[in-house]
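Q: Pasting in a structure now, in structure tokens, and then I'll have a few things to ask.
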Amino acid sequence: MTEIFGIPTQAFMGQLLIGLINGSFYALLSLGLAVIFGLLNIINFTHGAQYMMGAFVAWFLLNKTGMGYWWALLVAPIAVGIVGVIIERTMLKQLYKLDHLYGLLLTFGLALIIQGLFRNEYGSSGLPYSIPSQLAGGQNLGFMFLPNYRAWVIVFSLVVCFSTWFVIEKTKLGSYLRAATENPELVRAFGINVPRMITLTYGFGVGLAALAGVMAAPIYSVNPLMGENLIIVVFAVVVIGGMGSIMGSIVTGFGLGVIEGLTKVFYPEASNTVIFIVMAIVLAIRPAGLFGTQK
Amino acid sequence: MSAVLPAVKSGEVGAQRITFVVMLAFFILGPLVMYPVFLMKVMCFALFAAAFNLLIGFVGLLSFGHAMFLGTAGYVCAHAAKVWGFTPELAILAGAAAAGALGLLTGLLAIRRQGIYFAMITLALAQMIFFFCLQAPFTGGEDGIQAVPRGKLLGILDLSNIWNMYATVLVIFVAGFLVIYRTVHSPFGQVLKAIRENEARAISLGYNTTRYKLVAFVLSATLSGVAGATNALVFQLAALNSVHWSMSGEVVLMNLVGGLGTIFGPVVGAFVVLAMENYLATLGFWVTIVQGAIFVLCVLAFRRGIVGELGRLIRKPL
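See the structure below:
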């Protein structure tokens, strides 16, 4: 058994693994977008830039203060989340009464500013970030070699995704959140501070993006442009899944990562575009998305 | 979007006619004080921005992927002129037809969703076209199609002469602009505005809004294609930057600066944005930062745009 569908097992499993890794990032990012969209009704175009900032915070921590990967996992989401909270308080807040499209335009402008500033400072070649020593090396599974760090990324992002799902769907806090998504005025009438909830939700969604950025730093290099094209793919993922359900974002994210990985094996020319093609097909058959409900 | 033209009042048409004459005079006399190549670029992008505005301003659809029409038409026009030896007018028509066909395909998919989804879908489809142009054999990848011959218009007028080219671009721009102007003021345009204001009500009045939106989308794509094809001839180049998402962002910016849903806003916006880029060109990535800052500023404090504010000042929509 050295071949699967005429492809060497090694290559097949290798691409499947890369697909799962990419899928982890798609899931984490689309989850953040969905949570933000649920409550704020805006699509956060800055998400890719905030993912990139997460990676940069990790790099700063390592190179300026000597704090390693594990600290970065904790500090980066909080730091970038705070920046997000400031953005929400000072700018996004003013747009809630207006057409939702203005939120998209504002966050697009912010993404241009942030990415431009980082590019001015660090160029576009990327900075190295090494894998933490505890996760160096890998396991030989017989049919393939599994680097420890990649296994960790998949497992940890699954844990984060399902914790988020659990908090939102199964806890009291989550029920407030879901209620405020349905009808913010009514929830406010019950004495719950909805504006603060909105702010914290935005901070949380942004924090998820930053967390994904830290996890991505050792795999891809830390690059000012790392979020730029990724965010467009994640938008397609969101359209495919529909933003209605948390679980939908997770499943679609991982699923599309795998599809993309397998396309690299069987028809590499289409690996850049396969997700967009899937989006076109889904739109033709089920416009509301796989897990969405059409209003 | 909420940048809305007030109801038709007497004097509206008069004010718009005067503005039109001013605009025409500007582009005819402009080369006396400005570089003609720069002004040709402005006219191409003004047409592009006006075509984009037809959707956002009058149907309420924000396309975040309009670069795909500009870029595709540019590639097809350049290929037709260089490889197939088409005359310039046929090359431009070929480019526009390609953009229109692409508009039909993508429009059929995109108009199935509204608002934010529409923006995300058009962006994703445009990214697909970008990767296609990056990999397809005839586009020349990173190099693009260079040294496109301008040729002789109708076999007579030699476009390598800059003034012939300038006159041609001016005629194309004015014709495209008038098509949009007529569309907006036609019964068809009124239905589009009704869809923008309240789609459910338009449906209940018996309009097939999906078809109206699709026709508007294809029209906008085709006119963007005319702009893209003309631009390719002016610069004798079709390159990847014209299909990149940042180009789609730029046309949004032009409209935002000039005024969404105004007739002349896109033209003013195109001029301002391109002038700024020219001015900042030596500063590298600062262009992006400044563009981002203008986005933020316009959304937060200047949502009517330049022409929108002017129109409010004279109490007539421009």
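In order, the protein sequence lines correspond to chains A and B. For the first sequence, counting from 1, position 26 maps to 8 in this note's numbering; every step adds exactly one. So the mapping is simple: this note's numbering equals the position in the second sequence, first residue as 1, plus 53. Just so you know, even glycine gets a beta-carbon here, dropped at the ideal spot from N, CA and C.
1. Taking just the CA atoms, how far does PHE80 (chain B) sit from MET87 (chain B)?
2. ASN165 (chain A) by DSSP, collapsed to three states: which one?
3. Could you tell me which residues DSSP puts in a beta bridge with PHE241 (chain B)?
4. Figure out for me which residue from B:ILE256, B:PRO141, B:ALA177 and B:PHE191 has the closest Cα to the Cα of SER213 (chain B).
5. I need the boundaries of the alpha helix (DSSP H) containing ASN4 (chain A), first residue and last residue.
6. Roughly how many angstroms separate the alpha carbons of LEU13 (chain A) and HIS132 (chain B), rounded to a whole number?
7. Where does ALA118 (chain A) sit, in a helix, a strand or coil, going by DSSP?
8. Could you name the residues of the same chain whose beta carbon sits closer than 8 Å to that of CYS97 (chain B), not counting the 5 residues immediately before and after it, in chain order?
9. Which two residues bound the contiguous beta strand (DSSP E) that contains LEU128 (chain A)?
10. Between which residues of its own chain and LEU293 (chain B) is the CB-CB distance below 7 Å, once the five residues before and five after are set aside?
11. For GLU303 (chain B), count neighbouring C-beta atoms within 10 Å of its own C-beta (all shown protein chains included) and say buried if the count is 16 or more, exposed if not.
12. Hey, how far is the Cα of VAL260 (chain A) from the Cα of GLY83 (chain B)?
13. Between the C-alpha atoms of GLY(-12) (chain A) and LEU(-2) (chain A), what's the straight-line distance to the nearest angstrom?
14. Which chain B residues sit within Cβ distance under 8 Å of ARG101 (chain A)?
15. Just to confirm my understanding: we take VAL247 (chain A), look at its own chain, exclude 5 residues before and 5 after, and list those with CB closer than 7 Å. What are they?
16. According to DSSP, simplified to helix, strand and coil, what is VAL204 (chain A)?
17. Should VAL62 (chain A) be flagged as near chain B, meaning a C-beta pair shorter than 8 Å?
18. State yes or no: is the beta carbon of VAL149 (chain A) nearer than 8 Å to at least one beta carbon in chain B?
19. Between which two residues does the alpha helix (DSSP H) holding TRP137 (chain B) run?
20. Would you tell me roughly how many angstroms separate the C-alpha atoms of VAL224 (chain B) and SER277 (chain B), rounded to the nearest one?
21. Compare the C-beta of PHE73 (chain B) with all C-beta atoms of chain A and state if any pair is closer than 8 Å.
22. Within this structure, are the beta carbons of LEU309 (chain B) and PHE338 (chain B) separated by less than 8 Å?
23. What are the start and end residues of each continuous alpha helix (DSSP H) run of 4 or more residues lying completely inside the region 118 to 195 of chain B, in chain order?
24. List, in order along the chain, the chain A residues whose C-beta lies closer than 7 Å to that of PHE184 (chain B)?
25. Comparing alpha-carbon positions, which option in A:MET179, A:SER231 and A:GLY195 lies nearest ARG71 (chain A)?
26. Using a Cβ-Cβ cut-off of 8 Å, state whether MET93 (chain B) counts as contacting chain A.
27. Can you look up LEU231 (chain B) in the DSSP assignment and give me helix, strand or coil?
28. VAL296 (chain B) and ILE182 (chain B) look like a contact to me (Cβ under 8 Å); what is the Cβ gap, rounded to whole Å?
29. Do the region 228 to 244 of chain A and the region 41 to 52 of chain A make contact, defined as three or more Cβ pairs closer than 8 Å?
30. Whole alpha helix (DSSP H) runs in the region 50 to 91 of chain A with 4 or more residues, listed along the chain?
31. Report yes or no: do three or more beta-carbon pairs, one from the region 29 to 39 of chain A and one from the region 209 to 222 of chain A, lie closer than 8 Å?
32. Buried or exposed for THR183 (chain A), please, with buried defined as at least 16 other CB atoms from any protein chain shown within 10 angstroms of its CB.
33. Hey, does VAL352 (chain B) have any beta-carbon neighbour from chain A nearer than 8 Å?
34. Go ahead and label TRP298 (chain B) buried or exposed: buried means 16 or more other beta carbons lie within 10 angstroms of its beta carbon, across all protein chains shown.
35. Between which two residues does the alpha helix (DSSP H) holding ARG264 (chain B) run?
36. Identify which residue in B:THR125, B:GLY168, B:LEU162 and B:GLN199 has its Cα closest to the Cα of ALA147 (chain B).
A: For this structure:
1. Rounded to whole angstroms, MET87 (chain B) to PHE80 (chain B) spans 10 Å at the Cα level.
2. The DSSP-derived three-state label of ASN165 (chain A) is coil.
3. According to DSSP, which records beta bridges pairwise, PHE241 (chain B) is partnered with nothing at all.
4. Distance from the Cα of SER213 (chain B) is smallest, within the candidate group B:ILE256, B:PRO141, B:ALA177 and B:PHE191, for B:PRO141.
5. Taken as a continuous stretch (DSSP letters only), the alpha helix (DSSP H) holding ASN4 (chain A) covers -9 to 22.
6. C-alpha separation (whole angstroms): 43 Å.
7. Note: ALA118 (chain A) maps to coil in three-state DSSP.
8. The beta carbon of CYS97 (chain B) lies closer than 8 Å to those of VAL222, PHE226, ALA280, GLY281, THR283, ASN284 and VAL287 in the same chain, with the five residues before and after it left out.
9. First-last of the beta strand (DSSP E) with LEU128 (chain A): 127 to 129.
10. So the list reads CYS186, LEU187, GLU195 and GLY197, once near-sequence residues are dropped.
11. GLU303 (chain B) is buried by the Cβ-count criterion.
12. So the alpha carbons of these two residues sit roughly 48 Å apart.
13. Distance between the alpha carbons of GLY(-12) (chain A) and LEU(-2) (chain A): 15 Å.
14. Listed along chain B, the residues sitting closer than 8 Å to ARG101 (chain A) by beta-carbon distance are PHE338 and THR341.
15. Contacts found: ILE(-11), ALA(-7), PHE(-6) and GLN(-3).
16. Residue state, collapsed to three classes: strand.
17. Residue contact with chain B for VAL62 (chain A): absent (no Cβ-Cβ distance below 8 Å to any residue of chain B).
18. Any Cβ of chain B closer than 8 Å to the Cβ of VAL149 (chain A) would place that residue at the interface, and such an atom is absent.
19. Neither: TRP137 (chain B) is in no alpha helix (DSSP H) and is coded neither H nor E.
20. Each residue's Cα considered, the two are about 16 Å apart.
21. With 8 Å as the cut-off, PHE73 (chain B) does not count as an interface residue toward chain A.
22. No, the Cβ-Cβ distance between LEU309 (chain B) and PHE338 (chain B) is not below 8 Å.
23. Annotation note: the region 118 to 195 of chain B contains the following uninterrupted alpha helix (DSSP H) runs of length 4 or greater, listed N- to C-terminal: 120 to 135, 141 to 163 and 168 to 188.
24. Under the 7 Å cutoff, chain A gives ASN254 and THR255.
25. With distances taken between Cα atoms, ARG71 (chain A) lies closest to A:MET179.
26. Chain A, which has no Cβ nearer than 8 Å to the Cβ of MET93 (chain B), makes this no.
27. Residue state, collapsed to three classes: helix.
28. Contact holds; Cβ gap of about 6 Å.
29. As far as the Cβ criterion goes, the region 228 to 244 of chain A does not touch the region 41 to 52 of chain A, which means the pair count is below three.
30. Taking only runs of at least 4 residues, the alpha helix (DSSP H) segments lying wholly in the region 50 to 91 of chain A are 51 to 72.
31. The region 29 to 39 of chain A is in contact with the region 209 to 222 of chain A.
32. The residue in question, THR183 (chain A), is buried, as its Cβ has 16 or more Cβ neighbours within 10 Å.
33. It does: the Cβ of VAL352 (chain B) has a partner Cβ on chain A nearer than 8 Å.
34. Taking all protein chains shown into account, TRP298 (chain B) has 16 or more neighbouring C-beta atoms within 10 Å of its C-beta and is therefore buried.
35. Counting along the chain, the alpha helix (DSSP H) containing ARG264 (chain B) begins and ends at 262 to 288.
36. Selection B:THR125, B:GLY168, B:LEU162 and B:GLN199 evaluated against ALA147 (chain B) yields B:THR125 as nearest (Cα-Cα).
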